[in-house]
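Take a look at the structure set out below.
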Amino acid sequence: LALQAATLAPGRQTADVLRSSLAAMRETRIPQLGGKIVFAAFAPRGERLLVASTDGKVGVYDGRGDRVGMLPRQHTVAQAAWSPDGRLFAVGTGDGNVSVWPAGLDGPARTISTPSPVTALSLDRTTLLVGSGTHVRLVDLRSGRTTTVGFPGAVVAGVPDPTGQVFAVATRAGKSTIASIRSARTGRAIARLGDPGIRSFS
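So, in structure tokens, the structure goes:
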């Protein structure tokens, strides 16, 4: 706005406002991907920034905001997540595909296809959790073995426990949601979370 004002009404006062505006700016870099940003998060140790947009572009940036890599263009990106050690990240799309990438971007370490848009995505040290349609899929990243758990309503959110023994999930129930903690091995409910309307976990 100060730059526009300097163009419309040049003068000393306008120049002073422009200078003070520039001095107050804290941005060092603005990643430009196009589309609407659906995910932006630093890796747990802060050395990489993952940014994903609705038009299928996914970029990885360093701490200074310099782009260090781009994924091949995806279908509409719906979800993304870092692993706890920052070595891997996962991207889920609106057409139900998930790809797991090393932070160095050599190529996808694993890909998973599901029949519905990805609505929940989370990584722990050894497990990828994918929520899609009315199912949660727990993928062992070492063996590729997948455990699938079905629910009466659509999956809204999910996250595995750091030990990989249990996971939390929220599913639609009418106009609200219900949430529970479940065994990662059997999918059976261990506890119900009493608060209605839960839509995210962290």
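Remember, my numbering sits 805 above the position in the sequence shown when you count from 1.
Even glycine gets a Cβ: it sits at the ideal position worked out from N, Cα and C.
Check, Outcome
"Within 8 Å, strictly: CB atoms of L910 and G874", "yes"
"Rounded separation between V1048 and R869 - CA only", "A query on residue 1048 cannot be resolved here, the shown segment of the chain reaching from 806 to 1007 and no further."
"Residues bridged to L910 [DSSP beta-bridge criterion]", "The partner list for L910 (beta bridge, DSSP) is empty, contrary to what the question assumes."
"Buried/exposed call for I995, threshold 16 Cβ in 10 Å", "exposed"
"Where D1000 falls, given that 16 or more other Cβ within 10 Å makes a residue buried", "exposed"
"Within 8 Å, strictly: CB atoms of W887 and L854", "no"
"Run of the beta strand (DSSP E) containing P965, from where it starts to where it stops", "V960 to P965"
"Where S825 falls: helix, strand or coil (DSSP)", "helix"
"6 Å Cβ shell around T951 - same chain, five flanking residues per side excluded", "R942 and V944"
"6 Å Cβ shell around G897 - same chain, five flanking residues per side excluded", "A883, Q884, V903, V923 and L926"
"Spatial distance of A984 from T953 (CA atoms)", "17 Å"
"Cross-strand partners of G874 (DSSP beta bridge)", "V865"
"Whole runs of the beta strand (DSSP E) within the region 883–961, excluding any shorter than 3 residues", "893–898, 902–907, 915–918, 923–928, 932–937, 940–945 and 951–955"
"Straight-line Cα distance separating E852 from A975", "31 Å"
"P889 vs D860 beta-carbon contact at 8 Å", "no"
"Presumed contact (8 Å Cβ cut-off) between G938 and A959, rounded CB distance", "6 Å"
"Q818 burial status per 10 Å Cβ neighbour count (16 or more: buried)", "exposed"
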